[in-house]
Structure formats: structure tokens, C-alpha cells
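Chemist:
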Amino acid sequence: MPWDDIRIEVSTHFLAPGMVLKGDGFDEKGTKVIEKDVALNENQIKQILACGVKTITYTRKRLKLKKENSTSSIADEHIDKAMAVLDDIEGAIRGQKNEIPAKEVKEVVDTFIEDIRSNNDTCLNLLDLADYDDYTYTHSINVATISLACGLAMNLDELKIRILGTAAILHDIGKTLVPIEILNKPDKLTPAEWAIMKKHPLFAYNILKAESQFSKDVINGVLLHHEDYTGGGYPLGIRWDKSNIFAQIISIADVFDAITSKRTYKTAQPFSNAFGFIMEKSGTKFNPEIAQVFLKEMIKKINGEPLYPVNSYVLLNTGEVGYVVDHRLNPFSLRPIINIFYNPAKEPKLLKYKLQIDLEKDNGRTVIRRIMEDATVQKFNQVLNLEGM
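According to this note's numbering, the sequence shown is numbered sequentially starting from 1.
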């Protein structure tokens with residue numbers, strides 16, 4: 001993806017108080033009418049409309065990718081279009097207009113589906129966060145991309161794929177009604193703030209229901225994407241059998257992108273941590289059948305290379321540490337064969353004889369993460385006298 005700027009057009013019909021453009025906005029004559037990074041007010045919007053301006057054009061920095069040097073699976077122009085549509089949706093919500101551009105949303109979803117199908121052997125180009133105010137945009141695009149790739153891997157039919165993509169791109173529109181100081185708060189939310197944050201699926205539900213342009217499946221896919229497989233999620237606390245398949249796919253995609261994205265209150269974690277979390281929570285937080293497909297198909301699709309190469313060090317859920325010795329013909333496996341050499345429950349903790357475990361046959365142990373810190377890796381190399389690891 002080239003690192004040049006992109007032009008985005010916004011219909012003045014969707015301008016609303018509180019909107020912020022990530023670049024100076026110009027009318028059709030090239031006159032600057034909106035200041036970059038400054039929230040619009042009602043008087044400005046009235047003046048723009050009074051002058052007969054129909055379209056505002058602004059230029060912003062192109063979004064980067066989480067995985068450097070990865071090949072784009074979604075065309076640049078289709079990501080640009082998605083950004084513009086999300087701009088229009090924000091304006092429609094802030095302006096309390098029941099006019100979410102459903103036709104444009106459908107066009108975005110259709111182009112994403114076609115791009116993923118056409119580039120089946122290409123890594124998904126997940127967007128990285130350049131600006132904290134961009135999170136909902138980049139997150140919505142990433143969740144739609146991951147959800148669609150997972151749905152296609154599950155061989156969902158054409159109608160269900162489109163429903164899934166639509167619900168995924170719209171899943172977080174309710175956050176437009178959550179105060180920005182809560183969304184970007186660097187500290188832990190207070191109970192009152194968390195209560196507001198947990199309402200964003202309900203906000204989205206009410207917005208989409210008022211539209212009468214979206215199906216029940218789309219609306220429920222958005223409403224229920226924070227519900228847990230065994231119950232206890234939000235906003236309703238229902239179990240999987242009261243949810244729908246679209247929400248359950250989006251739930252996994254949502255968590256994966258959240259874990260691997262930087263926010264004001266946390267750093268981005270590596271893909272391996274996110275895959276490990278999904279494996280750990282399969283059957284409790286996530287639908288185990290969907291999680292199994294996700295883990296089988298998406299590691300190669302998203303990461304592009306094995307998470308746990310031979311000779312890499314891994315930390316297990318038991319606190320044990322080992323190194324990978326074999327993948328059994330599947331280099332993308334999350335459950336390789338490992339040699340455990342450190343056990344915090346033993347004395348001495350450094351084992352005299354390495355314990356070889358096939359994680360495919362040991363349901364009590366899972367990999368939590370790959371150990372990649374240089375100092376730790378060098379220490380293990382010295383201890384084990386294994387060069388090249």
C-alpha cells in the first residue's frame with residue numbers, strides 16, 4: 001500500500017455538530033471552509049449550506065498496516081471508500097438523521113467480499129492506528145475484513161456473507177454516541193463510565209432499527225457482538241443459543257483486532273497473543289466451532305507465517321516454558337510438539353531432563369504466547385546451549 005495521502009469526499013448533507021475532519025475541508029471551488037481537527041458547530045454548517053456547497057473534499061494521511069510489508073488484499077480505493085462512508089454515517093448519527101447510507105454500505109461490503117475472494121492467497125491487510133480518533137474507523141474496517149474472511153472460510157452462502165459484512169462494518173457505530181473522553185480515556189473507566197460504554201451496542205441497535213433499511217439479522221449481529229458464548233457478556237447477558245452466527249463471528253474478529261491495536265490505555269499486542277487468547281476462551285467466551293475455523297484458517301491469512309516456528313520459545317498456561325521441536329506437517333499449528341525445560345512448580349525449576357509434550361494430545365496445556373524478548377531469548381540460548389534459536 002503506498003504511503004501517500006488520500007482524498008475523501010463528504011456530502012454536506014451528512015455534516016453535523018461535533019464532526020471532526022482529519023484534514024482541511026474544501027468546497028467545489030477549492031475554497032477552504034472547514035478547519036482540520038476542529039469540531040464543526042451548527043453555525044458553520046448553516047453557512048456552508050447557505051452557500052450552496054454540496055460536497056466537502058479533504059485530504060488525510062493514508063492508513064498504515066499492522067504487518068509491515070504485507071501485500072494488500074483490500075484495494076486502497078475500497079478502503080478509502082469505506083472511510084468516506086463511515087464519515088457519512090458519523091455525520092448522520094450526530095445530526096440525528098435517520099439516513100445511514102445503506103446503498104453505499106452495501107457497495108463497500110460487496111467490494112470487500114470480491115477483493116478477499118480475488119486475493120485468497122494474500123495476507124489480510126489489517127490497518128494500524130495512526131491517530132486515536134481514528135480507532136472506530138480502522139477497527140470497523142478491520143473487523144469487517146476479518147469477519148468476511150472467516151465467513152468465507154466457513155462457506156457461508158452469499159446472503160449470509162453480505163449480512164455478516166454489513167453487521168461487521170456497522171458493529172461499532174453506537175460508539176459515536178459515547179463521549180470521546182470516555183472512548184479515549186487513558187485510565188481505567190469508572191463504573192459509571194463503563195456503564196455508558198456498555199450501552200454502545202444498544203445505541204447502534206436503536207439507530208439501525210429506526211432506519212428500517214437493515215434486516216433483523218444485521219441489527220442483531222450488531223446488538224449481540226459483545227455477548228459471550230456461555231452468557232455473561234453485554235448488553236443482554238444472553239447465551240449463544242439466543243444470539244446469531246453473525247454476532248458470534250464478529251465477536252472473535254472484534255476481540256482479535258482490539259488486542260492487536262494500540263489505544264490510549266494500552267499498547268498493541270502481537271498477533272500470537274490474540275490467537276492464543278481466542279484459543280484459551282474457545283467454548284466460554286467464543287463459539288468453539290467458529291473459533292476452531294478461525295484459528296485453523298486465519299493464522300496464515302492474517303499472520304502470513306507460523307506463530308511458533310521450530311526452535312522458538314513459548315510460555316504455557318501452566319507457567320512452564322519450552323521450545324518448539326515439530327509441527328506435524330502443519331507449520332501454522334497452535335498446538336505443536338514442544339520440549340519443556342522450565343517448570344516453576346518444580347525444584348529445581350530448570351529441568352534436568354526435558355519433557356516432550358504433543359499439545360494436540362494434551363488438553364491441559366496451551367501456548368499463551370511466544371517469548372521474543374531479546375534478553376530472555378539469549379539467556380535461554382545460553383542455558384540450553386542451543387545456537388541459532
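Backbone N, C-alpha and C fix where the C-beta goes; we use that ideal spot for every residue, glycine too. Small disclaimer: the values here were computed from a predicted structure and weren't measured.
Take every Cβ of the region 240-259, pair it with every Cβ of the region 276-296, and state whether three or more of those distances are shorter than 8 Å.
Modeler: yes
Chemist: Per the DSSP calculation, Tyr58 is bridged to which residue(s)?
Modeler: Ile8 and Gly25
Chemist: Along the chain, which unbroken stretches of the beta strand (DSSP E) at least 3 residues long are found entirely within the region 301-362?
Modeler: 313-316, 321-326, 337-342 and 350-358
Chemist: Identify the continuous alpha helix (DSSP H) that holds Lys103 and give its terminal residues.
Modeler: Ala102 to Ser118
Chemist: Give me the Cα-Cα distance between Gln269 and Cys51, rounded to the nearest whole angstrom.
Modeler: Spanning the two alpha carbons is a distance of roughly 48 Å.
Chemist: Along the beta strand (DSSP E) that carries Arg369, what are the first and last residues, could you check?
Modeler: Val367 to Ile371 is the extent of the beta strand (DSSP E) around Arg369.
Chemist: One question on the structure: do Leu307 and Leu334 come within less than 8 Å of each other, judged by their Cβ atoms?
Modeler: yes
Chemist: Please confirm if the region 293-311 is in contact with the region 118-130, defined as three or more CB-CB distances below 8 Å between the two stretches.
Modeler: yes
Chemist: Return helix, strand or coil for Val33, following the three-state DSSP convention.
Modeler: Val33 carries a strand assignment under DSSP once its states are collapsed to helix, strand and coil.
Chemist: Between Tyr353, Arg370 and Leu351, which lies nearest to Pro336 when the distance is taken from Cα to Cα?
Modeler: Nearest option by C-alpha distance: Arg370.
Chemist: Residues bridged to Arg263 by DSSP?
Modeler: Lys266
Chemist: Does the beta carbon of Glu360 fall short of 7 Å from some heavy atom of the ligand FAD?
Modeler: The ligand FAD is not among the ligands present in this structure, which contains no ligands whatsoever.
Chemist: Where does the unbroken alpha helix (DSSP H) through Ile219 begin, and where does it stop?
Modeler: Lys216 to Leu223
Chemist: Measure the CB-CB distance between Glu28 and Thr55 and report whether it falls below 8 Å.
Modeler: yes
Chemist: If you draw a straight line from the alpha carbon of Leu183 to that of Ile357, how long is it in whole angstroms?
Modeler: 43 Å
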